[in-house]
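Notes for the one structure printed next.
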Amino acid sequence: MSGNQTIVGLLQAALPRASQPAVIAVGLAYFAVIIAISVWAARRTRTASDFFVAGKGIGLIALTVASVSVSVSGFAFIGGPGFIYAVGLGAMYIVLPAAVTNVMGAWVLAKRMRLLGEARNLITIPDAIGARYRSPAAQGLAAIAILVGIVGYMATNALAMGVVINSIFGVGLGWGIWIGMGVTLAYSASGGILAGIYNDVFQGTLMAAASVLVFLFVLGYGGGLGGISHTILAHDPVLLGPWGKLTPLAALSFFFVFSIGSLGQPQAVHKYYMLRDPLQLKWYPLLKTLGLVLVLLLYFSVGVGVKAFVLDGRLPPLTSPDQATPTLLLNVTPILLAALVFSGVAAATMSAANSFINIGAAIVTHDLPVAFGRRVGNELGWGRAVTIVIAVAAALTAQLSGTTVAFLGIFGWGLFASTLVPALAVGLNWAGATRVGAMASIATGLVLTLALESAAYARLFTFPAGVTASAVAMVASLLVFFVASILTRRSAEATLDPDVRLVMEL
Amino acid sequence: VWAPWLLALGIPTAVGAIMILGATRSNRGIGPLKLPFLFTVVILAAGFCAALALPANETAASQLWLGLPIRAAAVIYGVGLLPIVVLPIAYALTFETQTLSADDVERVRELGRQNRATTPSLDEREAQSLPHE
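Protein chains in written order, with the numbering used here: chain A, 273 to 778; chain B, 1274 to 1406.
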């Protein structure tokens, strides 16, 4: 559910000016904490392993909160409630899969990724694909696919940061982009993922606190969920049907993409490498699921709450659905709570940006050279340099392209899902997978997602009944993976090293 | 007409299948996880099918279940919350036997030590590339 719809929502929202003294004060306090954590983390970052995988030394709680933080992005705060406001409960099919995705990811990927990291000293997701298929070419192709997705996420997150910071401080969109990206860059380049993780812990805690408080406030203000439901049912009952205003096919295809597709999201999967002790995975799914439920309370409550408050006249009609959260915060909630949520939105976008900067830097300095049979000396130094380049490029793209970059963010989730789920999630669990199957599925996912999403964005072609292009691309990629692997099954045995085989059998 | 029903049954099947794929240990199957997996597949399918099958007659007079009309409650509480009560708990309770034991970790660590003896780690490579002080 992360950045794509989020950011599109943010960009289209043109958030109202929230620059009141309390909001600015909380915003400044938020940035002060970020800087303090970053300085502390920078002093502990001495090696490339520290920089890219936090030295594989993160504890369970920190990793869980950080993973929650990077999973939801700003979508949970702005785009998601706006989506519920517009289409009703159909929008819940993006977040309902959270009930199963974390434990599914733990069974399918967490153990095997973590153990592969242990056996091979792996630091990236393409590393795991390269090790699984004994193929630098597959590693390189996976790296390119992730890099394409990151381009979209980064540029749109940069613009979203600008929108939020401009809303809080009133500095203008351009300055907002550079301030947000500057702060993110400062901690990304100095402390790498270590700074990112501990900032994510702070940001995730902030998001959860803001979400719970807003949830309680909305329920109290609306007379409980029953009161809110009665108001909506009296005016527009379709919104509280199980599909809202979506078709059943559209809602269910969302569920499909956001459940199975979660197994290919690098910002979450990459975190498995970082856990200090693999045995701590025992409680990871439970804690992460509970954390996600807390953070997503705002998504649901603001979506249905604002709809009811607008319908019964307690709030003015919205100019766009994405105004749902800002309108509630600036008109109804106590100003300190509003300040907390605005900081939470900034936190969410910065958290996602940091994670993608780090993954992108690892791809450029590690995976692509490996694919070409080379190694970069001083990966820490190059990692920091590439981090700066990616951040500046993202900020420039955001500033120069304006809202047209929103298109780049649309296909991120689907692109990661269609390119990585077959080769990584299925491949690490099925000995019959071959490198031909992996490469064919990655290429299929990449090409189909880009083609279908571009066609949909340009209104040249869409699937009937609201079925998402991402769902079709993921199914096609899976089919290609299985068919190509079966056709080349004689090579399957040769692509498995003994240590990889052991990790797959455990 | 039939396509939503296919998805309503196909998605839970796909989710269940991929969980089984991930939880299966060589030659040992999924053991006691059969029941939690079956519960999850059934509860997802039941939630989606209830939403499709029950009449769409939500009105201001509709009876609410925990604050929501019945079809919405089946999806939000059934699909969105009930698996949380079962799956992560089942994962934790069966972790040592079905997922990972200390012995498993030690076997992999031993392999890692052997690998490092022949291939330098990232940090070792980096140390080699830096000028000696």
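Ideal placement from N, C-alpha and C gives every residue a C-beta, glycine not left out. Note that the coordinates shown come from a computational prediction; the quantities given were computed from them, not determined experimentally.
{"Item": "With 7 Å as the limit, tell me which residues of the stretch 354 to 365 of chain A have their beta carbon closer than that to any beta carbon of chain B; keep them in chain order.", "Value": "Leu361, Met364"}
{"Item": "When the Cα of Leu722 of chain A is compared with those of A:Gly686, A:Ile451, A:Arg586, which residue comes out closest?", "Value": "A:Gly686"}
{"Item": "Can you pull out the residues from the stretch 1331 to 1343 of chain B whose beta carbon lies closer than 9 Å to at least one beta carbon of chain A?", "Value": "Glu1331, Thr1332, Ala1333, Ala1334, Ser1335, Leu1337, Leu1339, Gly1340, Leu1341, Pro1342"}
{"Item": "Straight-line CA distance for Leu394 of chain A to Ile418 of chain A?", "Value": "17 Å"}
{"Item": "Can you tell me which residues form a DSSP beta bridge with Gly1302 of chain B?", "Value": "B:Arg1298"}
{"Item": "At a CB distance below 7 Å, what residues from the stretch 480 to 509 of chain A approach chain B? Give them in sequence order.", "Value": "Gly496, Leu497, Gly498, Ser501, His502, Leu505, Ala506, Pro509"}
{"Item": "Around the Cβ of Trp450 of chain A, are there at least 16 other Cβ atoms within 10 angstroms (buried) or fewer (exposed)?", "Value": "buried"}
{"Item": "Inspect the beta-carbon positions of Tyr365 of chain A and Ala523 of chain A and report whether they are closer than 9 Å.", "Value": "yes"}
{"Item": "In its own chain, which residues sit with a C-beta less than 7 Å from the C-beta of Trp1278 of chain B, not counting the 5 before and 5 after it?", "Value": "Leu1325"}
{"Item": "Under the three-state reduction of DSSP, which class applies to Val280 of chain A: helix, strand or coil?", "Value": "For Val280 of chain A, the pLDDT reaches just 48, beneath the cut-off of 50, and the residue's location in the model is therefore unreliable, leaving the point undetermined."}
{"Item": "With C-beta atoms as the reference, is Ile253 of chain A less than 9 Å away from Ala415 of chain A?", "Value": "Any question about residue 253 of chain A goes unanswered here, given that chain A covers just 273 to 778."}
{"Item": "Can you tell me the Cβ-Cβ gap for Ser341 of chain A and Ser713 of chain A, rounded? I've got them flagged as a contact below 8 Å.", "Value": "The pair is not a contact, with the Cβ atoms about 30 Å apart (cut-off 8 Å)."}
{"Item": "My understanding is that Leu505 of chain A touches Leu497 of chain A, with C-beta atoms under 8 Å, so please give their C-beta distance in whole angstroms.", "Value": "That belief does not hold up - the Cβ atoms of Leu505 of chain A and Leu497 of chain A are roughly 12 Å apart, past 8 Å."}
{"Item": "Which runs of the alpha helix (DSSP H) at least 4 residues long sit entirely within the stretch 726 to 767 of chain A? Give them in chain order.", "Value": "741 to 759"}
{"Item": "Going by the CB atoms, is the gap between Val613 of chain A and Phe355 of chain A shorter than 9 Å?", "Value": "no"}
{"Item": "Following the continuous alpha helix (DSSP H) through Trp515 of chain A, name the residue where it begins and the one where it ends.", "Value": "Unbroken run through Trp515 of chain A: none, as it is neither H nor E."}
{"Item": "Under 7 Å, CB to CB, which of the residues in the stretch 628 to 659 of chain A have a partner in chain B?", "Value": "Arg647, Gly649, Asn650, Glu651, Leu652"}
{"Item": "Please confirm whether Ala1319 of chain B has its beta-carbon closer than 9 Å to some beta-carbon of chain A.", "Value": "no"}
{"Item": "Do the stretch 697 to 715 of chain A and the stretch 748 to 758 of chain A make contact, defined as three or more Cβ pairs closer than 8 Å?", "Value": "yes"}
{"Item": "Report the residue from A:Pro369, A:Met376, A:Lys328, A:Ser310 whose alpha carbon sits nearest the alpha carbon of Thr396 of chain A.", "Value": "A:Lys328"}
{"Item": "Do Phe527 of chain A and Leu368 of chain A have their C-beta atoms within less than 9 Å of each other?", "Value": "yes"}
{"Item": "Going along chain A in order, which residues have a C-beta closer than 7 Å to the C-beta of Phe1312 of chain B?", "Value": "Correct list: empty, because the minimum Cβ distance to chain A is about 11 Å."}
{"Item": "Could you give the DSSP three-state label for Ile350 of chain A: helix, strand or coil?", "Value": "coil"}
{"Item": "Tell me whether the beta-carbon of Ala1281 of chain B lies closer than 9 Å to the beta-carbon of Phe1310 of chain B.", "Value": "no"}
{"Item": "With 16 as the cutoff for other CB atoms within 10 Å, does Ala1390 of chain B come out buried or exposed?", "Value": "exposed"}
{"Item": "Identify which residue in A:Leu608, A:Ser525, A:Leu535, A:Leu590 has its Cα closest to the Cα of Val739 of chain A.", "Value": "A:Ser525"}
{"Item": "Kindly indicate which three-state DSSP category Leu612 of chain A falls into: helix, strand or coil?", "Value": "helix"}
{"Item": "What are the partner residues of Ile330 of chain A, as DSSP defines its beta bridges?", "Value": "A:Leu547"}
{"Item": "List the residues that DSSP assigns as beta-bridge partners of Leu1341 of chain B.", "Value": "B:Trp1338"}
{"Item": "Which same chain residues end up closer than 8 Å to Glu1406 of chain B when comparing Cβ atoms and leaving out the 5 residues on each side of it in sequence?", "Value": "Here Glu1406 of chain B scores only 32 on pLDDT, less than 50, and its place in the model should not be relied on; the value that follows carries that caveat. Correct list: empty, nothing qualifies."}
{"Item": "Using three-state DSSP, classify Phe683 of chain A as helix, strand or coil.", "Value": "coil"}
{"Item": "Does DSSP put Ala705 of chain A in a helix, in a strand, or in coil?", "Value": "coil"}
{"Item": "Kindly say whether Lys543 of chain A, judged by its beta-carbon, lies nearer than 9 Å to any beta-carbon of chain B.", "Value": "no"}
{"Item": "May I have the straight-line CA-CA distance separating Asn650 of chain A from Phe628 of chain A, to the nearest angstrom?", "Value": "21 Å"}
{"Item": "State the DSSP-derived secondary structure class of Ala410 of chain A, mapped to helix, strand or coil.", "Value": "helix"}
{"Item": "Can you check the stretch 424 to 497 of chain A for any beta strand (DSSP E) of at least 3 residues that lies completely inside it and give the ranges in chain order?", "Value": "none"}
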